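Working notes, structure below.
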Amino acid sequence: MNSRFYITTPIYYPNGEPHLGHIYTTLCADVVARWHRLIGDDTYFLTGTDEHGIKMVKTAVAENVSPQELADRNADIFKQAFKQLKVTNDDFIRTSEPRHKLAVQEIVKKMVATGDIYLGSYEGWYDEGQEEFVTETEAKAAEYKSSISGRPLVRYQEPTYFFKLSKYVEPVYRAIETDALLIRPENRKNEVLSKLKGWTADLSISRSTLKWGIPIPHDPEHVLYVWVDALSNYITALGYESNETNSSLFARFWPADVHLIGKEILWFHAVYWPAMLISLNLPLPKQIFAHGWWTSEGKKMSKSMGNFIDLSRVQQLARTYSLDALRFYLLRAAPFGSDLDFGEPDFIKSFNELANVLGNCLNRTLKMIGRYRAGVLGPVTHAPTELDQSIIAAIDRFPGALQGAYDKLELQQAVLLPLELARQTNGYIDATAPFSLAKDPAKAAQLDTVLHLSVQAIYRALVGLIPVLPDKALEGIRQLGIDPAAVGTDPSKLWDHLPLGHKVGEGSPLFPRVEPANTK
Ligand code: MSP
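By our numbering, the letter at position 309 of the sequence shown is numbered 808, and the numbering carries on one by one without gaps.
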């Protein structure tokens, strides 16, 4: 394969600690990044924090600290949490870093130079939680409350610089309509297109009543609108408009392959960001994927309702069931792009699926090879039966199907396909009954075939799960007698079969039973 792959998450507001929503996007991006590294792509994975804007200021005031102190404290918590969750981001950008601020000022200067920024005045509604301008029609429809938080919208009236968004409506529309800029899922693309059709307003991009932000270079009384500042992170982190040595990253990785985001921030990414890029004469990202939102036990997550899945709850789940079981659950919970609902019974169900389908398949295969063949893999000399043929077909189809799922970002499929292969292998073992074959010396060749095909199948399933279960899949592969450090070092050998005469290792449960008493 060996192509380049650049994936980003939104940069999160560090006005609090990360919660399930932030962790979900980040882990999904991590799985995709790990997949691309596994197949040999030159991969770059970016995440970070979005530290300016009124929302940060208000929280800082409430906590009696400066916005910078608030950002420092929580950005650190985000970083530590991601590290603990074994997120493999290549960089973590903070928008209060000089490297970002300086580059953003260059970006604004360029837009001023092309005549895309002008001074005017804004009067209208603002959603301070979302940092979003809301049109009169939308405000009225939502009874002048935030459609996300339900808090009252705020009336703004102030001099402001505008970005000529109206000039770019048509090219942005065309890029989305033709999929030159792919927006997925399809229904969200259509929502954006219908809102964009006939859009005439320019975008207010500065605030003169706010001090916490990046000053507009030629008029430092104004700070830049936080979304223009934040969206730029996708290129400033690569060294765009920077003198630093890492600017070669920009040439190497821009345009991004995927901006992975939550559905509530699609408009900013699908409209403002491409318009900014066209203004800067830069290529558009290839794809924006808007995933769904988590509710918890059927309701919106909320601290007051007591159903909020905060960082410590996520960490506790990872401690109890393993980090890999958490990753599996999050991706398994719904087709990628749909809304999802968190519930511990579901979590336990998906943990049991891992144990009973994947863990069991590995364990019984290893046990049989150990017992009947002293751990050594025999040949297939027996003419394949129909049952053999169907497992052979499943083994053969698997890499292509998995690649297809990742290419389309069908992340639920990406976790289900390996599980299906293991499930089918279990069914194959049940149907061929190696236990009886072993009793009849005349059926030795048939037994060899069953053991051989079962172990090849579980090996493939485990390799396919490396991005999702980085620890457990490699542990399983180690039990199969392969040095985990060697897996994936040569992507062209990723789907190689285990060779004849290969000696498998000892099996031990990959997902040991969790006593209910340990779950709290
Ligand atoms: N700072 C902006 C993004 C700027 S990107 C240039 C922002 N930050 S945020 O802290 O509010 O994080 C938003 C992201 O967190 C969402 O896009 C989504 O990825 C994730 N989620 C937050 N709550 C969520 C759920 N309840 N469910 C799923 N994901 C959600 O917006």
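The beta-carbon is built from N, C-alpha and C at its ideal position, and this holds for glycine as well.
These figures come from a predicted structure and were not determined experimentally.
CB of residue i within 9 Å of CB of residue j, strictly
i       : j        : result
Thr-479 : Phe-591  : Here the chain has residues from 500 to 1019 only, and residue 479 is not among them.
Thr-659 : Ser-693  : no
Ile-976 : Pro-983  : yes
Gly-797 : Gly-761  : no
Val-530 : Glu-630  : no
Thr-507 : His-881  : no
Arg-536 : Thr-587  : yes
Val-691 : Ala-769  : yes
Asp-718 : Leu-618  : yes
Ser-646 : Trp-698  : no
Gln-567 : Pro-716  : no
Tyr-543 : Asp-589  : yes
Leu-952 : Tyr-927  : yes
His-987 : Lys-1002 : For the record, residue 987 in the displayed sequence is Gly; it is not His. Not a contact, by the Cβ cut-off of 9 Å.
Leu-765 : Ile-734  : no
Asn-514 : Lys-554  : yes
Leu-918 : Tyr-523  : no
Leu-723 : His-996  : no
Ala-854 : Pro-998  : no
Cβ shell of residue i (< 7 Å), same chain only, five flanking positions each side left out
i       : result
Ala-937 : Tyr-871, Leu-946
Lys-688 : Ile-675, Ile-682
Glu-720 : Ser-707
Met-804 : Lys-798
Residues near residue i by beta carbon distance below 6 Å, same chain, minus five either side
i        : result
Asp-549  : Ile-510, Tyr-512, Thr-594, Ala-729
Asp-823  : Leu-968, Asp-970, Lys-971
Trp-624  : Val-633, Ala-638, Leu-652
Lys-663  : Asp-615, Asp-701
Leu-861  : Ile-957, Gly-975
Pro-782  : Pro-754
Glu-1005 : none
Ser-502  : Asp-540
Leu-973  : Pro-983
Ile-868  : Gly-874, Leu-950, Val-1003
Pro-933  : Met-867, Leu-946, Val-949
Spatial neighbours of residue i in its chain, beta-carbon cut-off 8 Å, leaving aside the 5 residues before and after
i       : result
Leu-779 : Ile-606, Lys-609, Met-610
Leu-916 : Phe-897, Ala-900, Leu-901, Ala-904, Gly-963
Ala-930 : Leu-886
Glu-763 : Gln-629, Ile-647, Trp-792
Integer Cβ distance of residue i from residue j, believed to fall under 8 Å
i        : j        : result
Ser-703  : Tyr-621  : 4 Å
Arg-959  : Ile-894  : 6 Å
Lys-557  : Glu-627  : 7 Å
Pro-773  : Ala-674  : 6 Å
Thr-864  : Val-954  : 5 Å
Arg-650  : Leu-908  : About 33 Å separates the two Cβ atoms, so there is no contact after all.
Leu-526  : Leu-584  : 7 Å
Pro-784  : Leu-680  : 7 Å
Leu-695  : Val-671  : 7 Å
Val-447  : Gly-1000 : A query on residue 447 cannot be resolved here, the shown segment of the chain reaching from 500 to 1019 and no further.
Leu-1010 : Gly-858  : Correcting the residue type first, residue 1010 is Phe in the shown sequence and not Leu. That pair is a contact at about 5 Å.
Ser-741  : Arg-572  : That belief does not hold up - the Cβ atoms of Ser-741 and Arg-572 are roughly 26 Å apart, past 8 Å.
Ala-833  : Asp-845  : Rounded, the Cβ-Cβ distance is 10 Å, inconsistent with contact.
Val-560  : Tyr-820  : Actually they do not touch by this definition, with Cβ atoms about 39 Å apart.
Gly-738  : Ser-731  : That belief does not hold up - the Cβ atoms of Gly-738 and Ser-731 are roughly 12 Å apart, past 8 Å.
Short CB-CB distance (under 9 Å) between residue i and chain C
i       : result
Asp-540 : Absent from the structure is chain C; it holds one protein chain and no more.
Contact test: residue i Cβ vs the ligand SAH heavy atom, cutoff 8 Å
i       : result
Glu-763 : Questions concerning the ligand SAH fall outside what the structure shown contains, since the ligands it does hold are the ligand MSP.
(message) Suppose only complete runs of 4+ residues qualify. What are the alpha helix (DSSP H) ranges in the region 637 to 678, listed by chain order?
(response) 668 to 676
(message) So within the region 501 to 545, which uninterrupted beta strand (DSSP E) runs reach at least 3 residues, ignoring any that extend past its ends?
(response) 503 to 511
(request) Counting only runs of 3+ residues fully inside the region 714 to 739, write out the beta strand (DSSP E) ranges in chain order. (result) 718 to 723
(message) Which runs of the alpha helix (DSSP H) at least 4 residues long sit entirely within the region 576 to 626? Give them in chain order.
(response) 597 to 612
(request) Could you tell me whether the region 518 to 525 touches the region 781 to 795, where touching means 3 or more Cβ pairs closer than 8 Å? (result) yes
(request) Within the region 817 to 854, note down every full alpha helix (DSSP H) run reaching 4 residues or more, in order along the chain. (result) 822 to 831, 843 to 852
(message) Ignoring anything shorter than 3 residues, give me the beta strand (DSSP E) runs that lie fully in the region 853 to 885, in order along the chain.
(response) none
(request) Spell out a yes or no on whether the region 818 to 832 and the region 841 to 860 are touching, meaning 3 or more CB-CB pairs, one atom from each, closer than 8 Å. (result) yes
(message) At 3 residues or longer, what runs of the beta strand (DSSP E) sit wholly inside the region 775 to 816?
(response) 786 to 790, 793 to 795
(request) Could you pull out every unbroken alpha helix (DSSP H) segment of at least 4 residues lying fully inside the region 887 to 934, listed in chain order? (result) 910 to 931
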